[in-house]
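Asker: The structure follows.
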Amino acid sequence: MIRLFAIAGYFYQSAAAIVLIFATSHLLAAADYTNLSLALASSQLLCVLMFEWLQLAGLRFLAAARPSDAARLRWSLFAAASLSAVALVAIGASASLLSKLPAGVIALGLTVAVLQGMTDLYLLTVRLSDRLGMASWLLALRATALLAGATIGAGSTGTAEAALLGVASGHVTGLVAALIACRMPLRPVPLRIMLADWAEFCRYGMLAAAASVIHLSVPVLLRFIVVGRLGASGTSAGFSLALDLLQRPFWVLNAAIHTVSYPDVVNDFEHGSRAKATRSTGRMFEFMICTTVVLLGGLIGFIPDAARILVPQESLDGFLAAAPMAALFYFLHTHLQATVAVVPHLEKLATRLVIVAAGQLAIVALSSAIAVAAGLSPRGGALAAASATTAIAALLALGPTIRFGAVLRWSLVNEAVVAAALIGSLAALPTQPSSAWLAGKVVLAVILTGLIAWHGDFLMMGRARRSPTGAGKPGDILEAIER
263 MIRLFAIAGY FYQSAAAIVL IFATSHLLAA ADYTNLSLAL ASSQLLCVLM FEWLQLAGLR
323 FLAAARPSDA ARLRWSLFAA ASLSAVALVA IGASASLLSK LPAGVIALGL TVAVLQGMTD
383 LYLLTVRLSD RLGMASWLLA LRATALLAGA TIGAGSTGTA EAALLGVASG HVTGLVAALI
443 ACRMPLRPVP LRIMLADWAE FCRYGMLAAA ASVIHLSVPV LLRFIVVGRL GASGTSAGFS
503 LALDLLQRPF WVLNAAIHTV SYPDVVNDFE HGSRAKATRS TGRMFEFMIC TTVVLLGGLI
563 GFIPDAARIL VPQESLDGFL AAAPMAALFY FLHTHLQATV AVVPHLEKLA TRLVIVAAGQ
623 LAIVALSSAI AVAAGLSPRG GALAAASATT AIAALLALGP TIRFGAVLRW SLVNEAVVAA
683 ALIGSLAALP TQPSSAWLAG KVVLAVILTG LIAWHGDFLM MGRARRSPTG AGKPGDILEA
743 IER
């Protein structure tokens, strides 16, 4: 049940972020909302650039650390984070000289970036101390505080500065709550040892973070190629809306699965037997593949219904034309960025991650540009080319995963594919004029999804894990009882 709570917490955070966008857009004037949006986007980018490498390094090294080593690694992590915060402020302040944003907005945006980076890192250490439930609760608390702070700030004075101050107070609330609820032990070390830890963090973390940034730039480049051809129109707005909305479900689900499963996989890889490591990695692959396949089917099955309710009429045609292929692209993109990268992360092959990410960026850009230049539909043609080349990149990058030998229950994967196909086929069923059709489609999709989740035993760890042949092993039963 703790895993279910953790995944539900991630979806709650995503929902709170969407509500925050809608709330502040209604409470602020257009100019103030534009300033707020630019400040938050800039602070998010700075936070990723300055803290993502520490997040990835902490996740990889702390997950496998012994208790005595964990206290030392936490000290080195937070010391490095402090230097990153100073560098962030210096870089952000220098870049702000070229910005037309008010000085107060810039200062608060930098404050938000530092607070977010430090809070994210501390909450990561809570999760990696085997406190998944507490970490999930603290993340949900911070999401609530962010929503409340930004809404109160925007509603009280109607300025971007007040809204940003509310966002900053939300991060402070989350950090203070984490410090009170979980005092993580730190062990100061000599400078020589700390520098050695930093060297390890840099060798792995910075390259892994660079790969993440390159992967994130692929949809951005795709957007420039297509929107540049379509121009400013309802069609391009529908295409942009499809790219904006359909990446979030896959990102949230992938982040949730990594939060609940990846630390255990790292620990088994470092301290368990080879068989145990391949078995736990295989279970994580099953979790990721089966859930995202069903999610893909659900998105395709309910895109027409959601579009009629939520998408503006002028953007509807462009959205409906692009959304199914956009969902397929993000499905493949997620597995290239996350699933295919699991074993290289375990083996610390960070350079390989950068090469794969750069290769995907290059072939997606080339194939999409060729598709548009050849006269194919800028929406479907470019997305189809991007999906095909991303699938090719994933296949070419599978070498370490195949050599690692993680075994999947292919019968379970096939069941998930069948369930996804059935849910996706619901798009052909009408929802007009009666809402009973829509309700029936939702019920059927929920039942199929529940059956796959139960059969896969992804969340209820009280049942014994199955071996690849389907029979429970004594070690699996003991491991399930311990959990």
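According to my numbering, the sequence shown is numbered sequentially starting from 263.
Cβ atoms here follow ideal geometry from the backbone N, Cα and C, with glycine treated the same way.
The structure presented is a predicted model; accordingly, all values stated were derived computationally and were not measured.
Would you call the region 469 to 482 and the region 428 to 445 in contact, with 3 or more CB pairs under 8 Å?
Answerer: Flag = no, the region 469 to 482 and the region 428 to 445 do not touch.
Asker: Note the first and the last residue of the continuous alpha helix (DSSP H) segment covering A291.
Answerer: Premise fails: A291 is in no alpha helix (DSSP H) and is neither H nor E.
Asker: Report the option in S358, V480 and R393 whose CA atom is closest to the CA atom of G621.
Answerer: V480
Asker: Let me know if V527 comes out buried or exposed under the rule of 16 or more other beta-carbons within 10 Å of its beta-carbon.
Answerer: buried
Asker: Among C444, A357 and V348, which one has its Cα closest to the Cα of S391?
Answerer: Comparing C-alpha distances from S391 to each of C444, A357 and V348 shows the shortest one belongs to C444.
Asker: Which same chain residues end up closer than 8 Å to L383 when comparing Cβ atoms and leaving out the 5 residues on each side of it in sequence?
Answerer: F313, L316, Q317, G320, L339, F340 and A343
Asker: Count the other CB atoms, across all protein chains shown, that sit within 10 Å of the CB of L282; report buried if there are 16 or more and exposed otherwise.
Answerer: buried
Asker: For the alpha helix (DSSP H) holding V602, just list the boundary residues, first then last.
Answerer: Segment: none, V602 is in no alpha helix (DSSP H) and carries neither H nor E.
Asker: Does M723 come out as helix, strand or coil in the three-state DSSP assignment?
Answerer: Confidence at M723 is low in this model, with a pLDDT of 43, below 50, so the placement of that residue should be treated as unreliable; the coordinate-derived value is given next. Of the three classes helix, strand and coil, the one that applies to M723 here is coil, per DSSP.
Asker: Can you list, in chain order, the residues of its chain whose CB lies under 8 Å from that of Y295, leaving out five sequence neighbours each side?
Answerer: T286, S287 and A422
Asker: Does DSSP put E462 in a helix, a strand or coil?
Answerer: helix
Asker: Under the rule that 16 or more other beta-carbon atoms within 10 Å means buried, what is P566, buried or exposed?
Answerer: buried
Asker: Cutting at 6 Å between CB atoms, please list the residues of its own chain near M546, excluding the five before and the five after it.
Answerer: S523 and V527
Asker: Exposed or buried, N676, counting other C-beta atoms within 10 Å across all chains shown (16 or more means buried)?
Answerer: exposed
Asker: Mind the definition here: the region 651 to 668 touches the region 602 to 621 only if three or more C-beta pairs lie below 8 Å; say whether that holds.
Answerer: Cβ pair count under 8 Å is three or more, so yes.
Asker: Using only the alpha-carbon positions, how far apart do E462 and T373 sit?
Answerer: 28 Å
Asker: Do you know offhand how far G637's Cα is from D506's?
Answerer: 24 Å
Asker: Determine whether the beta carbon atoms of L302 and G420 lie at a separation below 9 Å.
Answerer: The Cβ atoms of L302 and G420 lie no closer than 9 Å to each other.
Asker: So, is G712 buried or exposed, given that buried needs 16 or more other C-beta atoms within 10 angstroms?
Answerer: exposed
Asker: When you compare only the Cα positions, how much space is there between Q275 and A424?
Answerer: Taking the straight line from one Cα to the other gives about 22 Å.
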